[in-house]
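Asker: Going by our numbering, the first residue of the sequence shown is number 19, and it counts up by one from there.
Have a look at the structure that comes next, please.
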Amino acid sequence: MAPGNLKIGPALSYSIGNKFYVNLSPMALKFNFVLDRKLSRRGSYGVEPGKEVFIQFGTNLSASYRLGILKNVSMENHLSLYADYLKNFGNVDVNYNALINMRINAFLSTQFTLGLVYDDDARIGIGKKGSKLIYGKRLQLKQTLGIGLTHTFSN
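Listed below in structure tokens is the structure:
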């Protein structure tokens, strides 16, 4: 696992039905786990070289918004913002996920996801200088497309 993330802390939350949700945790602990030895030795994702866990203390704001686009198409948006109190408080880690669900017919559905992550502590290979790989800050992108067969069992 590299990285694995866990955020815990007391929070205030507010929601409007099942469409909008916001959660504020002014005292949140954020754990970054880097269990891959190669990445751990390099000091990736904020861990000290050779360590497997990086702990931060700060504030976390999370929000979700769900909307129907068409009759069989819906979209969910999830945003999480985290700022560390102890190191570079103005730096904000951003995690955004968009999920589009499409029900094509009674048997076929598809799902598209887009994930964007910016974490100031995550060092990613951004180029080479001679034979040496250079690491730096960078926006991370993940996208998936899933196609599924569905069947509803009735009593």
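Beta carbons: idealized from backbone N, C-alpha and C, even for Gly.
Given a cut-off of 8 Å, decide if residue 20 and residue 47 are closer than it, judged by their beta-carbon atoms.
Answerer: no
Asker: Let's see if you can read the secondary structure: which residues bound the beta strand (DSSP E) around residue 121?
Answerer: 110 to 121
Asker: Using a Cβ-Cβ cut-off of 8 Å (strictly less than) and excluding sequence neighbours within five positions of residue 64, which residues of its own chain qualify?
Answerer: 50, 72, 74, 137, 139, 140
Asker: Where does residue 103 fall in DSSP's three states?
Answerer: coil
Asker: For residue 82, collect the residues of the same chain with a Cβ closer than 6 Å to its Cβ; drop the 5 residues on either side in sequence, then sort them by chain order.
Answerer: 39, 96
Asker: Given 8 Å as the limit, is there contact between the region 30 to 37 and the region 83 to 92, that is, 3 or more CB pairs closer than that?
Answerer: yes
Asker: DSSP three-state call for residue 97: helix, strand or coil?
Answerer: strand
Asker: Considering only the beta carbon of each residue, do residue 135 and residue 113 sit closer than 8 Å?
Answerer: yes
Asker: How about residue 132: is its C-beta nearer than 8 Å to some C-beta of chain D?
Answerer: The chain labelled as chain D is not found in the depicted structure, where only one protein chain is given.
Asker: Less than 8 Å between the beta carbons of residue 2 and residue 132, yes or no?
Answerer: The question about residue 2 has no answer, for the chain in this structure spans 19 to 173.
Asker: Taking 8 Å as the threshold (C-beta atoms), are residue 100 and residue 115 in contact?
Answerer: Cβ atoms of residue 115 and residue 100: not closer than 8 Å.
Asker: How many Å lie between residue 151 and residue 60 at the Cα?
Answerer: 12 Å
Asker: Evaluate residue 76 with the Cβ neighbour count: other Cβ atoms within 10 Å of its Cβ, from every protein chain shown; 16 or more gives buried, anything less gives exposed.
Answerer: With 16 or more Cβ atoms within 10 Å of its Cβ, residue 76 is classed as buried.
Asker: Take residue 103 and list the residues in its own chain whose beta-carbon comes closer than 8 Å to its own, dropping the five residues that flank it on each side.
Answerer: If we look at residue 103 and ignore the five residues flanking it on each side, its Cβ neighbours are 75, 76, 77.
Asker: Give the list of continuous alpha helix (DSSP H) stretches no shorter than 4 residues that lie fully inside the region 40 to 89.
Answerer: 55 to 60
Asker: Rounded to the nearest angstrom, what separates residue 70 and residue 45 at their Cα positions?
Answerer: 23 Å
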